[in-house]
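K.L.:
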Amino acid sequence: MQKKYFFLFFFLLLTAQAFSQSIIQNISSRHNLSLNGKWNYIIDPYENGFYDYRRQAFDQSETGKGGFYDDVKQTNKGSLIEYDFDHDATLDVPGDWNSQAPELKFYEGSVWYRRHFNFEPKQNKRYIIYFAAANYETHVYLNGKKLGMHKGGFTPFQFEVTGKLKNGENSIVVKVDNTRKQDEIPTINTDWWNYGGLTADVYLSELPETYIDNYKVQLAKGNLKEIEGFVQLSGNQKSQSVAINIPEAKLTYQLKTDTSGYATFKFPVKNLKYWSPESPKLYQVTLQTETDKLDDKIGFRTIETRGKDVLLNGKSVFLRGIAIHNENPLIPGRPRSEGDLRMLLNWAKELNCNYVRLAHYPHNEKMLRLADEMGLMVWAEVPVYWTISWENPATYQNAQKQLTDLIDRDKNRAAVIIWSVGNETPISQPRNKFMGDLIDKAHELDHTRLISAALELHRKDSTIYVDDVLGEKLDLVSFNEYAGWYWSTPDEISKYNWDIKYNKPVVISELGGSALAGFHADKSTRWSEEYQDNLFKNQFKLLGKIDGLRGMTPWILVDFRSPRRAHSVYQNFWNRKGLISNTGQKKLAFYTLKNYYDKISETFNQKNR
Ligand code: GCU
């Protein structure tokens, strides 16, 4: 085989490996060395650390050397080296780069990260380097050798490094490129900030030679008396006895994995305390094999629809929600700690929410674990957003991979009740095919949860029509509806009527309007708090006409940054649809929504006692 074909084959193998590698479940329960902290960095807009001057990738050259990932030192005073991590500034990991240096606020391109860590690898252990998320395309090198690459800005990925770690000082170098591209997921146009970099935790995880790689332990669909799931081992000792223990429920279940390390199970349960927002009960679940043991905290509940009803544990529920971006507005940027996440969910609780839409992409796994703990049901979604390249097979594969990784990561979180496959995607035959296939995939991956998407609607005269063909395949009718902001006026919208094609629960995925906190005027003055507040009051009248209304997530909990919002008085690159400002100030509409939810929770619960 000619050399250049060998290297192309090698590159494809690496890429395939990066895409095919399974992602360990419940990493936080493992024995991890955190690689968070300060990493030296180099901004590389011309990819000078990745390509030679003929635009040939250094890591595909004969020696595989020449890139910044060599992390070489100036030992000989005559040698030419045009980079030096040791003398470079540092970025905090986890954290987007945009919020850490003024010159990086709008930066789109590659940044190289480098850190050293001391380690003493053990003979009978396996090691993986795990990235909880990195936006968007990431290339990873350990001690100058390429581990692989990953595409996708919001889901975890990992590389096995058993046998590749040095005794002593190791060098890890990561190139992250957040350039937006038409054929990616998301595409080039989004209404959120393109935060780049190592935006979530990085771990070096130590594991037994044969370990529990994946598992699902949940109630069977619609069955409060049966737990089902699977266990998947990784390693050479694949056929093992496995015990699943739920001590507080006095439950132990024994099973045996097959020669591929896999086993499914189903067993009866009784007297479980079911998970709900009012009582978010989590059980300690222990999985033990002959070579491994881990604990998880898991809630047990069922979620289904029946006609126009959403049933949580068999009882009709109204989803009192709010939409949330994965951003701490007070120190603008991706959340850096659990405290940031608690702040966001506490604001949702203050609104008397029992439900949140984590828009428009997978949020940090810790957010889902907090929702489990705090009792908030979740709409989780992949960034199949607006004008995707519907006819590109690679784009579909990317969307499917991100959906698969999201469902795989969060399948044990009771809080997650809905997987959303997209948002406001313009109707066309290629879009219907792409989204239809993705919906089928979601149902196949997880038959225990509801599948949804923010559908398109259209208007004629004073009627709003919801007949998007995707509604046939979805469990809910969800759509974004900006009556009073993008069309009509707050005082006019209550005159409209609805024509919704499907006999399914209606859960509004977005509604709202903008207000600059502290700007007060009469209710017909755009951008005033009074305008936004009046819009919400009239929205409730309009939505009250929908007899299958079973929930909503007004857009949005708190103002968020967007390059699309340039008005220098009212926006300054902030989307002002928050009910709370980016300084934490609650607007009038915050209290109007809270009052609406207080009334709903009284009347709806009474009706369904
Ligand atoms: C759209 C979109 C949001 C966007 C919002 C807005 O519906 O889904 O991501 O921020 O409208 O225009 O503010």
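Mind the numbering: the sequence shown is residues -20 to -1, 1 to 589 in mature numbering (1 follows the signal peptide of the UniProt record, and there is no 0), read in order. All C-beta atoms in this analysis are idealised placements derived from N, C-alpha and C, irrespective of residue type, glycine included. All values derive from a computational prediction rather than experimental measurement.
Would residue 590 pass as a contact of Ser400 if the rule is Cβ separation under 9 Å?
P.N.:
Within the shown structure, residues of the chain are numbered from -20 to 589, placing residue 590 beyond reach of any answer.
K.L.:
Would you kindly report the start and end of the unbroken beta strand (DSSP E) that includes Ile580?
P.N.:
First-last for Ile580: 568 to 587, but that is the alpha helix (DSSP H), not the beta strand (DSSP E).
K.L.:
When you measure from the CB of His438 to every non-hydrogen atom of the ligand GCU, does any distance come out below 8 Å?
P.N.:
Checking every heavy atom of the ligand GCU against the Cβ of His438, none is found closer than 8 Å.
K.L.:
Give me whichever residues DSSP pairs with Pro248 in a beta bridge.
P.N.:
In DSSP, Pro248 forms a bridge with Glu206.
K.L.:
Helix, strand or coil for Trp399, going by three-state DSSP, please let me know.
P.N.:
Note: Trp399 maps to strand in three-state DSSP.
K.L.:
Taking all protein chains shown into account, decide if Lys587 is buried (16 or more other Cβ within 10 angstroms of its Cβ) or exposed.
P.N.:
Its Cβ having fewer than 16 others within 10 Å, Lys587 is exposed.
K.L.:
Give me the residue from Arg506, Met323, Ile526, Met357 with the minimum Cα distance to Thr563.
P.N.:
Ranking Arg506, Met323, Ile526, Met357 by Cα distance to Thr563 puts Met323 first.
K.L.:
What residue from Leu529, Arg545, Ile536, Ser9 has the CA that sits closest to Leu267's CA?
P.N.:
Per the Cα distances, Ser9.
K.L.:
How would you label Arg95, buried or exposed, when you count the other beta carbons within 10 angstroms and need 16 or more for buried?
P.N.:
Buried, since its Cβ has 16 or more Cβ neighbours within 10 Å.
K.L.:
Who pairs with residue 591 in a beta bridge, going by DSSP?
P.N.:
Shown here, the chain extends from -20 to 589; a query on residue 591 therefore has no answer.
K.L.:
Does the region 67 to 74 come within contact of the region 157 to 167, defined as at least 3 CB pairs closer than 8 Å?
P.N.:
Counting Cβ pairs under 8 Å, fewer than three are found: no touch.
K.L.:
Label Trp465 either buried or exposed according to how many other C-beta atoms from any shown protein chain fall within 10 Å of its C-beta, with 16 as the threshold for buried.
P.N.:
Buried.
K.L.:
Among residues of its own chain, excluding the 5 on either side of Glu27, which ones have a beta-carbon nearer than 7 Å to its beta-carbon?
P.N.:
Result list for Glu27: Ser90, in chain order.
K.L.:
DSSP on Ser(-1), reduced to helix/strand/coil?
P.N.:
Reliability fails at Ser(-1), whose pLDDT of 48 lies under 50, so the model's placement of it is uncertain and no value is given.
K.L.:
Within the present structure, is the beta-carbon of Thr367 separated from the nearest heavy atom of the ligand GCU by less than 8 Å?
P.N.:
Answer for Thr367: no, Cβ out of range of the ligand GCU.
K.L.:
Helix, strand or coil: which one does DSSP assign to Gln380?
P.N.:
DSSP places Gln380 in helix when its eight states are reduced to three.
K.L.:
If the criterion is Cβ atoms closer than 9 Å, does the pair Phe210 and Val249 meet it?
P.N.:
Contact flag unset, no.
K.L.:
Would Leu383 and Met354 be called neighbours here (beta carbons separated by less than 9 Å)?
P.N.:
It is not a contact, given that the beta carbons lie outside the stated cut-off.
K.L.:
Spell out the partners DSSP gives Met347 in its beta bridges.
P.N.:
Answer is none; Met347 lacks a bridge partner.
K.L.:
When you compare only the Cα positions, how much space is there between Ile23 and Lys346?
P.N.:
In a straight line, the C-alpha of Ile23 is about 29 Å away from that of Lys346.
K.L.:
How about Thr170: is its Cβ closer than 8 Å to a heavy atom in the ligand GCU?
P.N.:
For the ligand GCU, at least one heavy atom lies less than 8 Å from the Cβ of Thr170.
K.L.:
What residue range is occupied by the uninterrupted alpha helix (DSSP H) comprising Phe414?
P.N.:
Segment 409 to 425, the alpha helix (DSSP H) holding Phe414.
K.L.:
Exposed or buried, what is His343 when buried is set at 16 or more other beta-carbons lying within 10 Å of its beta-carbon?
P.N.:
That one is buried.
K.L.:
Below 8 Å on the Cβ atoms is my guess for Arg556 versus Ala495; work out the distance and round it to an integer in Å.
P.N.:
Contact flag correct, Cβ pair sits at about 6 Å.
K.L.:
Ignoring anything shorter than 3 residues or poking outside the region 254 to 330, list the beta strand (DSSP E) runs there in chain order.
P.N.:
You should have 263 to 268, 273 to 278, 283 to 286, 289 to 292, 299 to 304.
K.L.:
In whole angstroms, what is the alpha-carbon distance linking Phe65 and Asp181?
P.N.:
Approximately 21 Å, taken between the alpha carbons.
K.L.:
Between which two residues does the alpha helix (DSSP H) carrying Lys517 extend?
P.N.:
It spans 509 to 523 - the alpha helix (DSSP H) in which Lys517 sits, taken as one unbroken run.
K.L.:
When burial is assigned at 16 or more other CB atoms within 10 Å of the CB, is Ala546 buried or exposed?
P.N.:
Classification of Ala546: exposed, given that the 10 Å Cβ count is below 16.
K.L.:
Let's test the definition: count the other Cβ atoms within 10 Å of the Cβ of Trp173 and tell me whether it reaches 16, buried, or not, exposed.
P.N.:
Its Cβ being crowded by 16 or more others within 10 Å, Trp173 is buried.
K.L.:
By Cβ distance, which residues of its chain are closer than 7 Å to Thr237, with the 5 residues on each side in sequence left out?
P.N.:
Cβ neighbours of Thr237 beyond the five flanking positions: Val211, Leu213, Lys218, Ser219, Gln220, Val222, Ala243.
K.L.:
Quick one: is Thr179 buried, meaning 16 or more other Cβ sit within 10 Å of its Cβ, or exposed?
P.N.:
Buried is the call here.
K.L.:
Determine the direct distance from the alpha carbon of Leu537 to that of Tyr462, and round the result to whole angstroms.
P.N.:
Each residue's alpha carbon lies about 16 Å from the other.
K.L.:
Rounding to the nearest angstrom, what Cα-Cα distance links Ser548 and Gln198 in this structure?
P.N.:
Approximately 50 Å between the Cα atoms of the pair.
K.L.:
Cβ of Ile302 versus every heavy atom of the ligand GCU: is any distance shorter than 8 Å?
P.N.:
Every heavy atom of the ligand GCU is 8 Å or more from the Cβ of Ile302, so no.
K.L.:
What does the alpha-carbon distance come out to for the pair Gly132 and Tyr233?
P.N.:
So the alpha carbons of these two residues sit roughly 37 Å apart.
K.L.:
Go ahead and label Trp467 buried or exposed: buried means 16 or more other beta carbons lie within 10 angstroms of its beta carbon, across all protein chains shown.
P.N.:
Exposed: under 16 other Cβ atoms inside 10 Å.
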